[in-house]
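As you go down the protein sequences, you meet chains R and D in turn. Position in the first sequence (first residue = 1) + 87 = our numbering. Position in the second sequence (first residue = 1) + 38 = our numbering. Note that the Cβ used here is the ideal one computed from N, Cα and C, for glycine as well. Fair warning: this is a prediction, and the values are worked out from it, not measured in the lab.
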Amino acid sequence: MTQGAVGQSFRFGNTELPREAQAAAHRARRLAWLTIGFLVTAVTLVYLVMGSSQAMKAAWAEDLLSFIPPIAFLVALRITGRVPSEKHPYGYHRSVGIGHLVAATALLTMGAFLVLDSVSGLLAGEHPPVGLVVVLGYEVWSGWLMVAVLAYTCVPAVLLGRAKMPLAEQLHDRVLYADADMNKADWMTGLGGIVGVLGIGVGLWWADSAAALFISASILHDGVRNLRVAVSALMDARATTVDGKDQHPLDETIDATLRALPWVAQAASRVRDEGHVFHVESFVVGRDGTPTQRQLQEAWDAVTGLDWKVEDLVVVPVDELPEELLPGVRGE
Amino acid sequence: MTTRRCATRSAAVLAVAATLAACGVTVPTDPDGTLDRVRGGELRVGVSPHEPWTGTLPDGTPTGLEVDLVADFAQTLDADVVWTVGGEEALVGDLDRGELDLVVGGLTASSPWTSKAAVTVAYVTVTDPDGEPEGHVMLAPTGENAFLVELERYLLDQEVQAP
Numbered sequence: 088m089t090q091g092a093v094g095q096s097f098r099f100g101n102t103e104l105p106r107e108a109q110a111a112a113h114r115a116r117r118l119a120w121l122t123i124g125f126l127v128t129a130v131t132l133v134y135l136v137m138g139s140s141q142a143m144k145a146a147w148a149e150d151l152l153s154f155i156p157p158i159a160f161l162v163a164l165r166i167t168g169r170v171p172s173e174k175h176p177y178g179y180h181r182s183v184g185i186g187h188l189v190a191a192t193a194l195l196t197m198g199a200f201l202v203l204d205s206v207s208g209l210l211a212g213e214h215p216p217v218g219l220v221v222v223l224g225y226e227v228w229s230g231w232l233m234v235a236v237l238a239y240t241c242v243p244a245v246l247l248g249r250a251k252m253p254l255a256e257q258l259h260d261r262v263l264y265a266d267a268d269m270n271k272a273d274w275m276t277g278l279g280g281i282v283g284v285l286g287i288g289v290g291l292w293w294a295d296s297a298a299a300l301f302i303s304a305s306i307l308h309d310g311v312r313n314l315r316v317a318v319s320a321l322m323d324a325r326a327t328t329v330d331g332k333d334q335h336p337l338d339e340t341i342d343a344t345l346r347a348l349p350w351v352a353q354a355a356s357r358v359r360d361e362g363h364v365f366h367v368e369s370f371v372v373g374r375d376g377t378p379t380q381r382q383l384q385e386a387w388d389a390v391t392g393l394d395w396k397v398e399d400l401v402v403v404p405v406d407e408l409p410e411e412l413l414p415g416v417r418g419e
Numbered sequence: 039m040t041t042r043r044c045a046t047r048s049a050a051v052l053a054v055a056a057t058l059a060a061c062g063v064t065v066p067t068d069p070d071g072t073l074d075r076v077r078g079g080e081l082r083v084g085v086s087p088h089e090p091w092t093g094t095l096p097d098g099t100p101t102g103l104e105v106d107l108v109a110d111f112a113q114t115l116d117a118d119v120v121w122t123v124g125g126e127e128a129l130v131g132d133l134d135r136g137e138l139d140l141v142v143g144g145l146t147a148s149s150p151w152t153s154k155a156a157v158t159v160a161y162v163t164v165t166d167p168d169g170e171p172e173g174h175v176m177l178a179p180t181g182e183n184a185f186l187v188e189l190e191r192y193l194l195d196q197e198v199q200a201p
């Protein structure tokens with residue numbers, strides 16, 4: 088972590104982040120490292136006690152997969168900091184999208200594999216053997232150790248997820264959002280595993296495979312959901328909020344800001360989410376023909392001043408709004 | 039809120055476990071009741087000859103260190119031992135089908151039978167021909183965890199000298 092010097096300033100391409108966003112980026116990076124540290128302990132402990140339990144195996148796979156989002160976030164944070172170059176005139180913001188797509192694909196693949204694995208375990212009627220271990224001279228049923236480890240993995244993950252969620256929204260970072268979302272849901276994995284192991288304990292052999300199926304299904308579900316958001320972002324879908332659910336409010340604000348200018352008769356924009364920042368093309372129709380250079384500059388300043396997320400703006404004066412470039416404009 | 043929910047639910051699960059334990063359900067329990075059946079009844083043991091751990095006398099009676107261990111274990115359960123002598127694969131097949139309760143044959147912790155049988159803790163560790171430590175184990179039916187734990191507890195209590 089040679090880059091970890093305090094006071095290092097974060098930037099997304101040409102965008103120098105404002106003070107609060109700087110603080111958020113610092114905090115997010117610290118939390119990503121903390122997550123990696125926690126995952127190292129979780130993966131080690133689960134591996135040590137997992138024995139032949141399917142549910143423990145699924146929980147272990149989930150912990151392993153949980154490494155991808157924080158690593159993708161840290162890598163993307165470094166790469167998006169690069170200033171656009173001659174070869175990459177749009178900057179490096181898409182690295183967030185690529186990181187997100189990779190993470191989603193890994194979740195999807197692993198989830199599908201584990202679902203098949205636990206279903207075949209159920210169908211084959213596999214009875215998981217769970218015997219004794221000697222810990223510090225005491226003979227303990229391994230099931231109790233599994234329960235203890237699963238209970239441990241449950242708590243920090245949820246705390247980390249809750250801490251990261253507002254930062255993901257503030258930084259408009261989808262990878263961080265996916266990471267926080269998975270962490271927040273981690274208690275279900277822990278609890279599912281605990282139920283499975285206790286099920287073995289009371290003599291229900293199928294409880295283990297059933298718990299494994301539940302955990303794998305949740306991994307698969309995460310994969311599908313993230314893949315949809317990642318793909319739609321890379322397909323230049325209109326900018327949405329970080330959870331991919333709603334249209335991003337800046338979209339409306341930009342048009343409203345332009346329309347509020349006294350010389351503007353009509354205005355509409357295409358907003359593309361590059362990951363962290365938006366690239367905007369705004370079409371404006373002047374009230375009295377072609378706007379002056381000063382008016383255009385005024386429009387440019389008004390929109391780029393709205394939010395640091397508006398990194399790149401092109402204002403195009405037109406006679407009428409081009410419907411073929413602005414599919415939504417006809418209905419208005 | 040989520041953390042608290044997690045903690046509450048874990049607590050609820052533990053409470054359920056405690057209730058079950060109080061109601062006389064021991065943890066772990068055998069899905070197929072092996073330990074209950076063996077206690078005061080018959081312990082069906084497969085022996086695959088592997089000197090000096092297991093072997094047979096000229097009259098067919100099983101002998102060896104593991105045979106002695108098993109006979110002693112059966113005594114703690116007040117069970118009579120029914121011996122079946124055979125090849126390892128056939129015996130593991132019988133164990134998997136529920137026709138045997140235990141298989142011995144100088145097996146080690148690196149046994150390839152883990153998908154068909156539950157491998158016990160090592161009751162003695164010796165040095166293999168490559169100079170690596172090698173634990174000697176027995177095979178129990180998969181998932182019969184009360185029986186497995188009973189056997190392992192017995193094995194861990196023994197002070198076995200490698201032959």
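Span of the beta strand (DSSP E) around residue i
| i | result |
| --- | --- |
| Leu420 of chain R | Coverage of chain R is limited to positions 88 through 419, which leaves residue 420 of chain R absent and any answer about it impossible. |
| Gln257 of chain R | Not the beta strand (DSSP E): Gln257 of chain R falls in the alpha helix (DSSP H), residues 229-258. |
| Leu348 of chain R | Premise fails: Leu348 of chain R is in no beta strand (DSSP E) and is neither H nor E. |
| Gly184 of chain R | Note, Gly184 of chain R: premise wrong, no beta strand (DSSP E); alpha helix (DSSP H) at 181-210. |
| Glu398 of chain R | 397-404 |
| Thr163 of chain D | 162-165 |
| Arg82 of chain D | 80-85 |
| Leu152 of chain R | Unbroken run through Leu152 of chain R is the alpha helix (DSSP H), 141-152; no beta strand (DSSP E). |
| Val221 of chain R | 219-222 |
Enclosing alpha helix (DSSP H) for residue i [first to last residue]
| i | result |
| --- | --- |
| Ala272 of chain R | No alpha helix (DSSP H) contains Ala272 of chain R, which DSSP labels as neither H nor E. |
| Asp110 of chain D | 103-114 |
| Thr174 of chain D | For clarity, residue 174 of chain D is His in the given sequence; the question names Thr instead. It is not in any alpha helix (DSSP H) - His174 of chain D instead sits in the beta strand (DSSP E) that spans 171-174. |
| Val162 of chain R | 155-167 |
| Asp195 of chain D | 183-195 |
| Leu73 of chain D | 72-76 |
| Leu109 of chain R | As written in the sequence, residue 109 of chain R is Gln, which differs from the Leu given in the question. Start and end: 106-136. |
Neighbour list for residue i in chain D, Cβ cutoff strictly below 9 Å
| i | result |
| --- | --- |
| Trp228 of chain R | Val65, Pro66, Asn183, Val187 |
Chain R residues whose Cβ lies nearer than 7 Å to that of residue i
| i | result |
| --- | --- |
| Glu137 of chain D | Going along chain R, no residue has its Cβ under 7 Å from Glu137 of chain D, so there is no contact; the nearest lies around 15 Å. |
| Glu197 of chain D | Here the premise fails: no neighbours, minimum Cβ distance about 15 Å. |
| Gly156 of chain D | The question names Gly, but residue 156 of chain D is Ala in the sequence shown. Here the neighbours are Pro216, Gly218. |
| Glu104 of chain D | Under the 7 Å cutoff, chain R gives no residues; its nearest Cβ is about 18 Å from Glu104 of chain D. |
Neighbour list for residue i in chain R, Cβ cutoff strictly below 8 Å
| i | result |
| --- | --- |
| Leu194 of chain D | Leu219, Val221, Glu226 |
| Pro69 of chain D | His214, Gly290, Leu291, Trp292 |
| Arg77 of chain D | Chain R residues near Arg77 of chain D: none, gap ~16 Å exceeds 8 Å. |
| Glu190 of chain D | Gly218, Leu219, Glu226 |
Contact test: residue i Cβ vs the ligand MG heavy atom, cutoff 7 Å
| i | result |
| --- | --- |
| Ala355 of chain R | Ligands are entirely absent from the displayed structure, and the ligand MG is therefore not among its contents. |
Within chain R, partners of residue i - CB distance below 9 Å
| i | result |
| --- | --- |
| Arg82 of chain D | Under the 9 Å cutoff, chain R gives no residues; its nearest Cβ is about 18 Å from Arg82 of chain D. |
Listed by chain order, chain B residues near residue i by CB distance under 8 Å
| i | result |
| --- | --- |
| Val159 of chain D | Given the protein chain composition of this structure (R and D), no chain B is represented. |
The region 283-308 of chain R: positions lying closer than 8 Å to chain D by Cβ = The residues in question are Leu285, Ile287, Gly288, Val289, Gly290, Leu291, Trp292.
Any contact of the region 347-354 of chain R with the region 364-374 of chain R, i.e. 3+ C-beta pairs under 8 Å?
-> Contact between the region 347-354 of chain R and the region 364-374 of chain R is present, because at least three Cβ pairs lie under 8 Å.
Do the region 231-240 of chain R and the region 191-199 of chain R make contact, defined as three or more Cβ pairs closer than 8 Å?
-> no
Taking a Cβ distance cut-off of 8 Å, strictly less, list which residues of the region 196-227 of chain R are near chain D, in chain order.
-> Glu213, His214, Pro215, Pro216, Val217, Gly218, Leu219, Val220, Val221, Glu226
Beta strand (DSSP E) segments (min. 3 residues) lying fully within the region 326-383 of chain R | 351-362, 364-373
Is the region 167-181 of chain R touching the region 323-331 of chain R, taking contact as three or more C-beta pairs under 8 Å?
-> no
Note down, in chain order, all residues in the region 108-136 of chain D with a beta-carbon under 7 Å from any beta-carbon belonging to chain R.
-> none
The region 132-144 of chain D touching the region 173-181 of chain D, judged by at least three CB pairs closer than 8 Å | Cβ pair count under 8 Å is three or more, so yes.
Any alpha helix (DSSP H) of 4 or more consecutive residues that is wholly inside the region 118-146 of chain D | Runs of the alpha helix (DSSP H) inside the region 118-146 of chain D: 126-134.
What residues in the region 138-152 of chain D bring their beta carbon closer than 9 Å to a beta carbon of chain R?
-> Thr152
Is it true that the region 153-161 of chain D meets the region 121-129 of chain D, where meeting means three or more beta-carbon pairs spaced less than 8 Å apart?
-> no
Counting pairs of beta carbons, one from the region 220-227 of chain R and one from the region 331-348 of chain R, are three or more of them closer than 8 Å?
-> no
Three-pair Cβ contact test at 8 Å for the region 200-210 of chain R versus the region 105-118 of chain R | With the cut-off at 8 Å, the region 200-210 of chain R and the region 105-118 of chain R do not touch.
Could you tell me whether the region 331-339 of chain R touches the region 240-258 of chain R, using the rule of 3 or more Cβ pairs below 8 Å?
-> no
When Cβ atoms are compared, which residues of the region 161-180 of chain D fall closer than 9 Å to chain R?
-> Ala178, Pro179, Thr180
On the three-pair Cβ rule with 8 Å, is the region 99-108 of chain R touching the region 386-397 of chain R?
-> yes
Between the region 136-147 of chain R and the region 156-166 of chain R, do at least 3 Cβ pairs fall closer than 8 Å?
-> The region 136-147 of chain R vs the region 156-166 of chain R: no contact.
Inspect the CB distances between the region 126-136 of chain R and the region 259-266 of chain R and report whether three or more fall short of 8 Å.
-> no
Touch test, the region 299-308 of chain R against the region 267-287 of chain R, Cβ-Cβ under 8 Å, three pairs minimum = In this structure the region 299-308 of chain R lies against the region 267-287 of chain R, because at least three pairs of beta carbons, one per stretch, are closer than 8 Å.
Looking at C-beta atoms only, is the number of pairs between the region 93-110 of chain D and the region 67-77 of chain D that lie closer than 8 Å three or more?
-> no
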